[in-house]
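Heads up: the structure comes next, in structure tokens.
Numbering (this note's numbering), first residue to last: 1 to 237.
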């Protein structure tokens, strides 16, 4: 799926079809609050496990899915958390499966495997405004998980954290009380992608209007401003 299509699906709060797996849906803020925000963040942490955060010389053939599956297989606590996360996003109960030459996670009539796990992670990151930190942020499950994939989990790592430069609570409160026609009830029906998009766009609109006002008032030198660069409809970075 084209990345632009993914962004439109997220903006519209629509389910996104994942090849072989089925439909993935980013939950609304209302649903996340009902679950518990800290628990939801732990769901994200388990699904967004990343091999680049492990300080070890990994075989190039080792994938994020290898690490994810190994931890699910060998650690019941990790598995319970990861499976609850999968059920939340796919509305299907997961089961660990093995074939003669492969391992996968069965979800309904579909499956999560080596070929679609990366796109699942990408959509979840985009849908939740998550950035993977540069420093190690994930702790492997236990020694048996390390052995399963040739000691790839030997060194300490921790869980990836949701970007917290701006607190989601303050964003929701600010947008609700801002003169934009949105209420708390409206925002609670939105997903996190939509809420952050609303923040960025409303800030762009405000900045644009403030600039126009300053230009008309003569308090800003128009020669130093490229209006096309600050227009509120510009693509978000």
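Quick reminder that beta carbons are idealized off the backbone N, C-alpha and C, glycines included.
- Listed in chain order, the beta strand (DSSP E) elements of length 3 or more contained wholly in the segment 40 to 85 amount to none.
- Around the C-beta of residue 45, 16 or more other C-beta atoms lie within 10 Å, and the residue is accordingly described as buried.
- Taking C-alpha positions only, residue 108 is separated from residue 9 by approximately 22 Å.
- About 5 Å separates the CB atoms of residue 24 and residue 89; that is less than 8 Å, so the two are in contact.
- The beta-carbon separation of residue 123 and residue 16, rounded to 6 Å, stays under the 8 Å limit for a contact.
- The C-beta distance from residue 20 to residue 115 rounds to 7 Å, short enough to fall under 8 Å.
- Each of 190, 65, 110, 204 was checked against the Cα of residue 32, and the nearest Cα belongs to 190.
- When only Cα atoms are considered, residue 64 and residue 42 end up about 17 Å apart.
- Excluding its 5 nearest sequence neighbours in each direction, residue 127 has C-beta neighbours in its own chain below 7 Å: 10, 26, 191, 192, 193, listed in chain order.
- A residue is called buried when at least 16 other Cβ atoms come within 10 angstroms of its Cβ; residue 168 meets this threshold and is buried.
- Contact between residue 29 and residue 201 is absent: CB atoms are separated by about 17 Å, not below the 8 Å threshold.
- Nearest to residue 198 by C-alpha distance, out of 119, 175, 110, is 175.
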